[in-house]
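The sequence shown: position 18 = 17 (numbering that gives the first Met the number 0), numbered continuously. What follows is a single structure, written as structure tokens, with notes after it.
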Amino acid sequence: MGEQATARRKDAHLDLCATGDVEPAENSTLLEYVRLVHCAMPEMAVEEVDLSTDFLGKKLRYPLLITGMTGGTERAGVVNRDLALLAERHGLAFGVGSQRAMAENPQAGASYQVRQVAPTVPLLGNIGLYQAVELGVDGVRRLADAIGADGMALHLNAGQELTQPEGDRDFRGGYQVVEDLVRAFGSRLLVKETGCGIGPEVARRLVELGVRNVDVSGLGGTSWVRVEQLRATGVQAQVGAEFSSWGIPTAAAIATVRRAVGPDARLVASGGLRTGLDAAKVLALGADVAGMALPLFRAQQAGGLEGAEQALATILSGLKQALVLTGSRNCGELRQKPRVIMGELKDWLAAL
0 MGEQATARRK
10 DAHLDLCATG
20 DVEPAENSTL
30 LEYVRLVHCA
40 MPEMAVEEVD
50 LSTDFLGKKL
60 RYPLLITGMT
70 GGTERAGVVN
80 RDLALLAERH
90 GLAFGVGSQR
100 AMAENPQAGA
110 SYQVRQVAPT
120 VPLLGNIGLY
130 QAVELGVDGV
140 RRLADAIGAD
150 GMALHLNAGQ
160 ELTQPEGDRD
170 FRGGYQVVED
180 LVRAFGSRLL
190 VKETGCGIGP
200 EVARRLVELG
210 VRNVDVSGLG
220 GTSWVRVEQL
230 RATGVQAQVG
240 AEFSSWGIPT
250 AAAIATVRRA
260 VGPDARLVAS
270 GGLRTGLDAA
280 KVLALGADVA
290 GMALPLFRAQ
300 QAGGLEGAEQ
310 ALATILSGLK
320 QALVLTGSRN
330 CGELRQKPRV
340 IMGELKDWLA
350 AL
């Protein structure tokens with residue numbers, strides 16, 4: 000029954016993300032309060048832009064990660080293979096969704112197998128913090144090895160779990176699990192949130208424990224609290240509605256975490272990124288890699304692999320254009336260019 004319930008939940012998540020109201024209108028990444036400064040004389044050609052970067056020991060052509068979202072069902076397998084193939088073609092990183100379904104039912108593992116279409120991409124496995132408690136280090140390592148992953152994402156999702164009818168309620172012992180996994184995976188471990196954000200205090204402690212890759216996954220995009228609220232009934236649905244805008248906005252998370260940890264970690268900024276300009280803004284604020292899933296997933300659902308290709312082409316073109324229009328040949332130069340921080344984002348940066 001547990002295996003079947005997980006599979007049903009995964010397909011319900013896909014249905015809601017494809018068509019549902021999973022991005023509350025009042026939620027914002029606060030990226031609208033970041034303005035990159037126009038350079039009227041860039042003195043460069045588009046072909047001079049070099050967006051390559053290192054991630055999980057491999058070279059990316061573009062600093063983009065298609066973030067983990069799904070797995071565990073036949074439909075999820077199609078999504079994973081299409082988007083992993085997209086990452087392979089364009090030199091991006093790719094992450095699978097939570098491998099909890101695979102841990103409960105090894106036959107579900109086929110939906111996470113993407114190496115046949117994406118043999119060279121930096122590939123991230125994925126497991127929840129409190130599933131990792133149950134599996135232990137060896138169990139988590141087996142999940143990574145089973146799909147040929149280059150690294151393992153450990154996701155933090157207390158907000159989602161509290162709204163999910165069958166979710167976890169005990170969140171003790173998390174830092175000890177992180178410490179154990181750091182010893183096992185070293186620089187191959189990435190710790191990520193799932194849309195509520197990681198703030199500077201938590202990020203600093205993670206880095207002190209040896210974590211070298213952090214995905215802040217802030218507020219502003221898909222709210223997994225909202226996703227679970229839409230599945231829930233009664234009290235959980237009512238409380239979930241109150242908390243569907245809970246979290247640290249992505250722009251505030253990435254800027255304050257970079258300030259807190261300095262150069263000691265590679266940072267991914269995900270959570271509500273939809274365009275190439277969004278990606279450029281988080282890279283300017285301190286991210287090494289920009290992460291997104293929903294715009295490519297929805298394009299894939301509407302138009303298959305070709306639809307996802309068109310959506311990605313628009314994102315990559317926008318990212319390059321942002322670098323040219325700031326006179327930046329690479330991400331390092333972009334971070335040195337002036338930018339203007341306004342409005343509510345200034346308040347968040349001051350408070351954190």
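Even glycine gets a Cβ: it sits at the ideal position worked out from N, Cα and C.
Q: Let me know if Arg-171 comes out buried or exposed under the rule of 16 or more other beta-carbons within 10 Å of its beta-carbon.
A: exposed
Q: Within the stretch 138-163, note down every full beta strand (DSSP E) run reaching 3 residues or more, in order along the chain.
A: 150-154
(Q) Just to confirm my understanding: we take Arg-60, look at its own chain, exclude 5 residues before and 5 after, and list those with CB closer than 8 angstroms. What are they? (A) Leu-50, Ser-51, His-89, Gly-90 and Leu-91
Q: Taking only the alpha-carbon atoms, compute the straight-line gap between Val-177 and Leu-208 and give it to the nearest angstrom.
A: 8 angstroms
Q: Using 7 angstroms as the cut-off, classify the Cβ of Ala-240 as near or not near the heavy atoms of the ligand FMN, replying yes or no.
A: Among the ligands in the structure shown, none appear at all, so the ligand FMN cannot be discussed.
Q.
Which of the three DSSP states is assigned to Lys-336 in this structure?
A. coil
Q | Helix, strand or coil at Phe-296 according to DSSP, with G and I counted as helix | A | helix
Q: Mark Pro-199 as exposed unless 16 or more other C-beta atoms lie within 10 angstroms of its C-beta, in which case mark it buried.
A: buried
Q | Cβ pair count under 8 angstroms reaching 3, the stretch 32-40 against the stretch 330-341 | A | yes
Q. In the DSSP assignment, what residue or residues form a beta bridge with Thr-52?
A. Leu-59
Q | Complete runs of the alpha helix (DSSP H) confined to the stretch 156-244 [at least 4 residues] | A | 157-162, 173-184, 199-207, 223-230 and 233-242
**Q.** Uninterrupted alpha helix (DSSP H) stretches inside the stretch 242-316 (no shorter than 4 residues)
**A.** 249-260 and 275-284
Q) For Gly-70, does the three-state DSSP call read helix, strand or coil? A) coil
**Q.** Contact set for Lys-319: own chain, Cβ-Cβ below 8 angstroms, skip 5 residues either direction
**A.** Val-45, Val-48, Leu-50 and Gly-275
Q. Leaving out five residues before and five after Asn-26 in sequence, what residues of the same chain have Cβ atoms less than 7 angstroms from its Cβ?
A. Leu-218, Gly-219, Ser-222 and Ser-244
Q: Grab me the residues of Ala-279's own chain with a C-beta within less than 6 angstroms of its C-beta, minus the 5 sequence neighbours each way, in chain order.
A: Leu-318 and Ala-321
(Q) Tell me the rounded alpha-carbon separation between Ala-350 and Ala-252. (A) 12 angstroms
Q. Helix, strand or coil: how does DSSP classify His-89 here?
A. helix
Q: Would you list the residues sitting across from Leu-322 in a DSSP beta bridge?
A: In the DSSP output, where bridge partners are listed per residue, Leu-322 has none listed.
Q: Grab me the residues of Val-213's own chain with a C-beta within less than 8 angstroms of its C-beta, minus the 5 sequence neighbours each way, in chain order.
A: Leu-189, Val-190, Lys-191, Ile-197, Ala-202, Leu-205, Val-206, Val-256, Val-260, Ala-264, Arg-265, Leu-266 and Val-267
Q: Determine the closest residue to Leu-161 out of Phe-184, Ala-143 and Cys-195, with distance taken between C-alpha atoms.
A: Cys-195
(Q) Are the CB atoms of Leu-64 and Gly-239 within a distance shorter than 8 angstroms? (A) no
**Q.** Bridge-paired residues (DSSP) for Gly-127
**A.** His-154
Q: Assign Pro-105 to buried or exposed, taking buried as 16 or more other Cβ atoms, counted over all protein chains shown, within 10 Å of its Cβ.
A: exposed
Q: Hey, could you find the ends of the alpha helix (DSSP H) Arg-99 is sitting in?
A: 99-103
Q. In three-state DSSP terms, what is Leu-351?
A. coil
Q | Enclosing beta strand (DSSP E) for Arg-34 [first to last residue] | A | 33-35
Q.
Buried or exposed for Gln-309, going by 16 or more other Cβ atoms inside 10 Å?
A. exposed
Q: Tell me whether the beta-carbon of Glu-73 lies closer than 8 angstroms to the beta-carbon of Gln-163.
A: no
**Q.** Gly-96 - DSSP class collapsed to helix/strand/coil
**A.** coil
Q: With a 10 Å radius around its C-beta and 16 neighbouring C-beta atoms as the bar for buried, classify Arg-230 as buried or exposed.
A: buried
Q.
Taking the beta carbon of Met-0 as the centre, do at least 16 other beta carbons fall within 10 Å, making it buried, or is it exposed?
A. Low confidence applies here, because Met-0 scores a pLDDT of 42, under 50, leaving its location unreliable; read the following figure in that light. Under this definition Met-0 is an exposed residue.
(Q) Taking the straight line between their C-alpha atoms, what separation do you get for Leu-333 and Leu-284? (A) 9 angstroms
Q) Roughly how many angstroms lie between the CA atoms of Ala-292 and Ala-86, to the nearest whole one? A) 12 angstroms
Q) Taking the alpha-carbon positions, what's the Glu-103 to Gly-166 distance? A) 15 angstroms
Q) Run through DSSP, which three-state label would Leu-29 get? A) coil
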